[in-house]
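Asks:
Number of protein chains: 2
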Amino acid sequence: MKRNAVLVDGVVLNGPIIDSSSGEKFVEDVYRILMNELVYKASDINQKVCEWQEPEQLKKLLDLNIKDNGEPHEKLLQLCKNVIKYSVKTSHPRFFNQLYAGMDHYSLAARFITEALNPSVYTYEVSPVFILTEEAILKKMIEFLGWKEGDGIFSPGGSVSNMYAVNLARYKYCPDIKQKGLSSAPRLVMFTSEECHYSMKKAAAFLGIGTENVYFVKTDDRGKMIPEELENQIQRAKKEAAVPFLVSATSGTTVLGAFDPLDDIANICEKHKLWFHVDASWGGSALMSQKYRKCLHGIHRADSVAWNPHKMLMAGIQCCALLVRDNSGLLKRCHSAEATYLFQQDKFYDVQYDTGDKSIQCSRRADAFKFWMMWKALGTTGLEERINRALALTRYLASEIKKRDGFELLWEPEYANTCFWYIPPSFRNMEKGPEYWRKFSNVAPTIKERMMKKGSMMVGYQPHRDKVNFFRHIVISPQVSREDMDFVLDEIERLGRDL
Amino acid sequence: MKRNAVLVDGVVLNGPIIDSSSGEKFVEDVYRILMNELVYKASDINQKVCEWQEPEQLKKLLDLNIKDNGEPHEKLLQLCKNVIKYSVKTSHPRFFNQLYAGMDHYSLAARFITEALNPSVYTYEVSPVFILTEEAILKKMIEFLGWKEGDGIFSPGGSVSNMYAVNLARYKYCPDIKQKGLSSAPRLVMFTSEECHYSMKKAAAFLGIGTENVYFVKTDDRGKMIPEELENQIQRAKKEAAVPFLVSATSGTTVLGAFDPLDDIANICEKHKLWFHVDASWGGSALMSQKYRKCLHGIHRADSVAWNPHKMLMAGIQCCALLVRDNSGLLKRCHSAEATYLFQQDKFYDVQYDTGDKSIQCSRRADAFKFWMMWKALGTTGLEERINRALALTRYLASEIKKRDGFELLWEPEYANTCFWYIPPSFRNMEKGPEYWRKFSNVAPTIKERMMKKGSMMVGYQPHRDKVNFFRHIVISPQVSREDMDFVLDEIERLGRDL
Numbered sequence: 072m073k074r075n076a077v078l079v080d081g082v083v084l085n086g087p088i089i090d091s092s093s094g095e096k097f098v099e100d101v102y103r104i105l106m107n108e109l110v111y112k113a114s115d116i117n118q119k120v121c122e123w124q125e126p127e128q129l130k131k132l133l134d135l136n137i138k139d140n141g142e143p144h145e146k147l148l149q150l151c152k153n154v155i156k157y158s159v160k161t162s163h164p165r166f167f168n169q170l171y172a173g174m175d176h177y178s179l180a181a182r183f184i185t186e187a188l189n190p191s192v193y194t195y196e197v198s199p200v201f202i203l204t205e206e207a208i209l210k211k212m213i214e215f216l217g218w219k220e221g222d223g224i225f226s227p228g229g230s231v232s233n234m235y236a237v238n239l240a241r242y243k244y245c246p247d248i249k250q251k252g253l254s255s256a257p258r259l260v261m262f263t264s265e266e267c268h269y270s271m272k273k274a275a276a277f278l279g280i281g282t283e284n285v286y287f288v289k290t291d292d293r294g295k296m297i298p299e300e301l302e303n304q305i306q307r308a309k310k311e312a313a314v315p316f317l318v319s320a321t322s323g324t325t326v327l328g329a330f331d332p333l334d335d336i337a338n339i340c341e342k343h344k345l346w347f348h349v350d351a352s353w354g355g356s357a358l359m360s361q362k363y364r365k366c367l368h369g370i371h372r373a374d375s376v377a378w379n380p381h382k383m384l385m386a387g388i389q390c391c392a393l394l395v396r397d398n399s400g401l402l403k404r405c406h407s408a409e410a411t412y413l414f415q416q417d418k419f420y421d422v423q424y425d426t427g428d429k430s431i432q433c434s435r436r437a438d439a440f441k442f443w444m445m446w447k448a449l450g451t452t453g454l455e456e457r458i459n460r461a462l463a464l465t466r467y468l469a470s471e472i473k474k475r476d477g478f479e480l481l482w483e484p485e486y487a488n489t490c491f492w493y494i495p496p497s498f499r500n501m502e503k504g505p506e507y508w509r510k511f512s513n514v515a516p517t518i519k520e521r522m523m524k525k526g527s528m529m530v531g532y533q534p535h536r537d538k539v540n541f542f543r544h545i546v547i548s549p550q551v552s553r554e555d556m557d558f559v560l561d562e563i564e565r566l567g568r569d570l
Numbered sequence: 072m073k074r075n076a077v078l079v080d081g082v083v084l085n086g087p088i089i090d091s092s093s094g095e096k097f098v099e100d101v102y103r104i105l106m107n108e109l110v111y112k113a114s115d116i117n118q119k120v121c122e123w124q125e126p127e128q129l130k131k132l133l134d135l136n137i138k139d140n141g142e143p144h145e146k147l148l149q150l151c152k153n154v155i156k157y158s159v160k161t162s163h164p165r166f167f168n169q170l171y172a173g174m175d176h177y178s179l180a181a182r183f184i185t186e187a188l189n190p191s192v193y194t195y196e197v198s199p200v201f202i203l204t205e206e207a208i209l210k211k212m213i214e215f216l217g218w219k220e221g222d223g224i225f226s227p228g229g230s231v232s233n234m235y236a237v238n239l240a241r242y243k244y245c246p247d248i249k250q251k252g253l254s255s256a257p258r259l260v261m262f263t264s265e266e267c268h269y270s271m272k273k274a275a276a277f278l279g280i281g282t283e284n285v286y287f288v289k290t291d292d293r294g295k296m297i298p299e300e301l302e303n304q305i306q307r308a309k310k311e312a313a314v315p316f317l318v319s320a321t322s323g324t325t326v327l328g329a330f331d332p333l334d335d336i337a338n339i340c341e342k343h344k345l346w347f348h349v350d351a352s353w354g355g356s357a358l359m360s361q362k363y364r365k366c367l368h369g370i371h372r373a374d375s376v377a378w379n380p381h382k383m384l385m386a387g388i389q390c391c392a393l394l395v396r397d398n399s400g401l402l403k404r405c406h407s408a409e410a411t412y413l414f415q416q417d418k419f420y421d422v423q424y425d426t427g428d429k430s431i432q433c434s435r436r437a438d439a440f441k442f443w444m445m446w447k448a449l450g451t452t453g454l455e456e457r458i459n460r461a462l463a464l465t466r467y468l469a470s471e472i473k474k475r476d477g478f479e480l481l482w483e484p485e486y487a488n489t490c491f492w493y494i495p496p497s498f499r500n501m502e503k504g505p506e507y508w509r510k511f512s513n514v515a516p517t518i519k520e521r522m523m524k525k526g527s528m529m530v531g532y533q534p535h536r537d538k539v540n541f542f543r544h545i546v547i548s549p550q551v552s553r554e555d556m557d558f559v560l561d562e563i564e565r566l567g568r569d570l
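Protein chains in written order, with our numbering: chain A, 72 to 570; chain B, 72 to 570.
Structural data, given as structure tokens:
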């Protein structure tokens, strides 16, 4: 027992109780493992993308059980190695499966800093640096939208950003809803395309609007919202005596990567006085490119925009901005609860910097910082170069698909999504009846299973509208090269030609 | 130009375009800085808790502007040093300002791994390890609630967890609300205490319930919900022909750290068939302690529980579980949108492991993993020891406050919150009229300003109900010792005795 020990409830209160040096050593050891096993191998195409294990088998390999007593470092380090070994390498140049990929070292370094500092971004007092970097990056993003001014907040995902937009729109329509709720409100209707992200339905359900009150607007054969159909849906809602309040256009749809015609949609929103939201979670990053920003022509007319730098810009999950054109404090009025223990008005500094009450969260991560660090390190031109290259690679892949026997490009890519079928030789001369489509719909899942078990690459698939299962291939990372595009097609042929 | 270069749109597509070794070097350099400047100094009381700068001054020091061209490493490394220098050291043993603090090395190491792996936890296919560790930790947490079975999901914060509970409760009451929304629903009313977290109001606003439909139940002088008052409020709602649907009790209130009487509240919920939610975001960690888990007696009867291991258990922001007693798939039925591109049903593995559709998010961080790693490393007994010690230190602080002239303990602490006034000598013989309280309310803010500018410690303050500004002191970290408690009181006296 220590000298002069003070005991309360049998607990010695003198001095710290943990051995920091042991913990520090553990951090160093884990860091070395992850650098060697992961970061230095991130772009090595000789590594597997994944080391597939069935769930029940992986449970055993990981030793998931937690015990009353802690485990020794040696065992924990082995566990960390296994965690890395059996995780999907989303930074691998051949991970084409999702709308995120790759590894940006500047963002990663920034994330290590924020993890070690463990800030919560609600007040300037506890998070001075991260309040200011968030403000700076929001301002910069707003500049790229073409707005003169605006407001914004980083949220835990594009889905949540879309929810913010819905809530802002209805608050703008009727501020009383915040206090009174929807039970005495008329039936509110929102509009989005049938190609929108599924979070629009989740938003409608969660916010009490109801999924039936999302009116889905038809798209053209490229997956773009048809403005005349939007007008028709608005008329339909009005005829039903419902109240239209929001249109959500999509810039970069999830499956096709299509961009809605924002300018035409803005005209309709203006005419009907509807809130104009753009879900640019995926496609917003095209704004960084002089060549591709035309895909979002008209975005300067939006009332709000969701844009996720963790997707195309590789800022790391989660990094999602909700940007709002209003600069009168709408975001705060709509979401604030004015907690007196956190947002005291008698602080000794300018409490305008206490931005937390704009958020639906209380604790909030410093997600903006990593993107600020990346952009600072690479400059606008560095980010632009990445976008241009990813989209050039996509075009290369599409052109190769068109050249190859047994491949069918389903849509000319507009962004980084390439959607295509691989048709194994045995299918090529079959009659395209119901039996064909039933059998053919198994081709992509089977090839997917084989690539997962081999660990050679990951490409997603899905059925969509009238098309049975097809591959959706996404290019993001600057580590990806033309050789990887050729590999994808060769590998699909290798894995699927016997089907 | 490289050999056999393929050009598309003027972009060379061969080989990767970035120099990984330069990026890797940057990660190594930043890591070394943060270990030396932050992690190794985390528990050093000779360091400042914060290096205060006014916002305008800090903007200049940080060089926030982003340019067209990237900045050199040398400059970026200096910037990282400044970010660390001017950030609040939330791991400092004298950071008592929020409901989180300290540094757990196991969690930190785990966070470095997840940042480098950059997973998104929605499908087993892309996130096998993190799906399984989330499942394992949820199961373990459910065990500590005393439930035989249950379900759950990690969310981006206690506020969002509370929103989940509200949505589940109304879905249970009437599943049609998901499709139809609230406009044709009766007026739904939820109940919580006047000491609840402000997120309950945010939840009511965001979910379309309306803040007026949160009926606040009176608390006793310890800040605990009075069951008879809850019964009265429910009767009031029924008389108004509104529909009660949810009671949210609080285990560990934000300011006082009070625990509502769960068993009595459960009786009332049962009687009226109301969803019983417990916001144990702060206090849930007492469940780890044999000594203190009685504070949450009755929690096994809850329908849902919010519990944030990032608070008392130091898992790092964000780490927040929403636990649900229902095991019939309610969480998924309530929140799912069944995106066919993500949650394909024709996958080659058991798609029950694709848990993402339980969430309102799409991309979702692997927040559960760091907690799993910590718990694995420390064992239940290690976590219990921390809780017991933090609460023993709190009791020590309270007893010292009672002994000292000029300090007034406002409530006997029930958890880790100690609320007290410091009364400078010049106030001690003043008559306690309006003038006294007006002047006295400036004492805590002035001392706070002085401690921030000195950087010696951080303790929060707020007015609350009939009490003008008082300090709220929180103990969490095992790095904190009895000496730090003595320091807090000495330092407040030093900073405030001339007021």
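Backbone N, C-alpha and C define an ideal beta-carbon position, used for all residues, glycine too.
Output needed in chain order: residues of the segment 400 to 417 of chain A with a Cβ under 9 angstroms from some Cβ in chain B.
Replies: C405, H406, S407, A408, E409, A410, T411, Y412, L413, Q415 and D417
Asks: Report buried or exposed for A/S399, applying the criterion of at least 16 other Cβ atoms within 10 angstroms of its Cβ.
Replies: exposed
Asks: Using 8 angstroms as the limit for Cβ to Cβ distance, is B/Y157 near chain A?
Replies: Yes, B/Y157 counts as interfacial toward chain A.
Asks: Would B/V120 pass as a contact of B/M556 if the rule is Cβ separation under 8 angstroms?
Replies: no
Asks: Please report whether the beta-carbon of B/R165 lies at a distance below 8 angstroms from any beta-carbon of chain A.
Replies: no
Asks: So which of A/L393, A/L345, A/K344 and A/L333 has the shortest CA-CA distance to A/G369?
Replies: A/L333
Asks: Note down, in chain order, each residue of its chain lying with its Cβ closer than 7 angstroms to the Cβ of B/E479, except the 5 sequence neighbours on either side.
Replies: F491, W492 and I494
Asks: When we look at the beta-carbon of A/G81 and count the other beta-carbons within 10 Å, is it buried (16 or more) or exposed?
Replies: exposed
Asks: For the segment 451 to 469 of chain B and the segment 261 to 268 of chain A, state whether three or more C-beta atom pairs, one from each stretch, are separated by less than 8 angstroms.
Replies: Contact fails between the segment 451 to 469 of chain B and the segment 261 to 268 of chain A, because fewer than three Cβ pairs, one in each stretch, are under 8 angstroms apart.
Asks: Give, in chain order, every residue of the segment 521 to 532 of chain A whose Cβ lies closer than 8 angstroms to some Cβ of chain B.
Replies: M523, M529, G531 and Y532
Asks: Using a cut-off of 8 angstroms between C-beta atoms, extract the partners of B/E302 located in chain A.
Replies: Near B/E302 there are no residues of chain A at all, since even the closest Cβ is about 23 angstroms away, more than 8 angstroms.
Asks: Which residue wins for smallest C-alpha separation from B/P534, given the options B/N513, B/I213, B/Y193 and B/T426?
Replies: B/N513
Asks: When the Cα of B/G567 is compared with those of B/M271, B/C340, B/A515 and B/T161, which residue comes out closest?
Replies: B/A515
Asks: Go to A/I472, then tell me how far its beta strand (DSSP E) extends in each direction, as first and last residue.
Replies: From DSSP, A/I472 is part of no beta strand (DSSP E) but of the alpha helix (DSSP H) over D438 to K474.
Asks: To the nearest angstrom, report how far apart B/Y286 and B/Y532 are at their CA atoms.
Replies: One C-alpha to the other measures close to 27 angstroms.
Asks: Report the three-state DSSP secondary structure of A/N500 (helix, strand or coil).
Replies: Coil.
Asks: Would you mind working out which of A/K219, A/T451 and A/F330 sits nearest B/E142, comparing C-alpha positions?
Replies: A/T451
Asks: Kindly say whether B/W492, judged by its beta-carbon, lies nearer than 8 angstroms to any beta-carbon of chain A.
Replies: no
Asks: Along the segment 310 to 340 of chain B, where does the CB come closer than 7 angstroms to a CB of chain A? Name the residues.
Replies: T325 and V326
Asks: Taking just the CA atoms, how far does A/F542 sit from A/D561?
Replies: 14 angstroms
Asks: Do B/S178 and B/K441 have their C-beta atoms within less than 8 angstroms of each other?
Replies: In contact: B/S178 and B/K441 (Cβ atoms closer than 8 angstroms).
Asks: Anything in chain B within Cβ reach of A/E483, meaning under 8 angstroms, just list it in chain order.
Replies: Within chain B, not a single residue places a beta-carbon under 8 angstroms from that of A/E483; the smallest gap is close to 14 angstroms.
Asks: Can a CB atom of chain A be found closer than 8 angstroms to the CB of B/P246?
Replies: Chain A, which has no Cβ nearer than 8 angstroms to the Cβ of B/P246, makes this no.
Asks: Tell me where the beta strand (DSSP E) around B/I545 begins and ends.
Replies: K538 to I545
Asks: Using beta carbons (cut-off 8 angstroms, strictly below), is B/K211 in contact with chain A?
Replies: Residue contact check for B/K211 against chain A: a CB pair falls below 8 angstroms.
Asks: Report all residues from its chain with a CB closer than 7 angstroms to the CB of A/A256; omit the five preceding and five following residues, and keep chain order.
Replies: Close CB contacts of A/A256 within its chain, under the 7 angstroms cut and outside five residues either way in sequence, are with C245 and I248 (chain order).
Asks: Here's a check: name, in chain order, each residue in its chain whose Cβ is nearer than 8 angstroms to the Cβ of A/V326, leaving out the five neighbours to either side.
Replies: E266, G294, N488, C490, Q533, H535 and R543
Asks: Which partner residues of A/Q533 appear in the DSSP bridge assignment?
Replies: A/F541
Asks: State yes or no: is the C-beta of B/N284 within less than 8 angstroms of the C-beta of B/A274?
Replies: no
Asks: Return the CA-CA distance between B/A329 and B/V237, expressed in angstroms with no decimal places.
Replies: As the crow flies, the alpha-carbon of B/A329 is around 22 angstroms from that of B/V237.
Asks: Cβ atoms of A/E196 and B/Y420: under 8 angstroms apart, would you say?
Replies: no
Asks: State whether the segment 140 to 154 of chain A contacts the segment 156 to 172 of chain B, with contact taken as three or more CB pairs (one from each stretch) at a distance under 8 angstroms.
Replies: no
Asks: Please report how far the alpha carbon of B/S198 lies from the alpha carbon of A/S158, in whole angstroms.
Replies: The straight-line gap from Cα to Cα measures roughly 6 angstroms.
Asks: Do A/G567 and the ligand HEM come close, with the Cβ less than 7 angstroms from some heavy atom?
Replies: Only the bare structure without any ligand can be found here, which leaves the ligand HEM out of the picture.
Asks: Please name the residue in B/R307, B/W353, B/V314 and B/N338 whose C-alpha comes closest to that of B/T324.
Replies: Checked all of B/R307, B/W353, B/V314 and B/N338; the closest Cα to B/T324 is B/W353.
Asks: Which whole-angstrom value is the C-beta distance of B/I388 and A/S191, which I expect to be below 8 angstroms?
Replies: 5 angstroms
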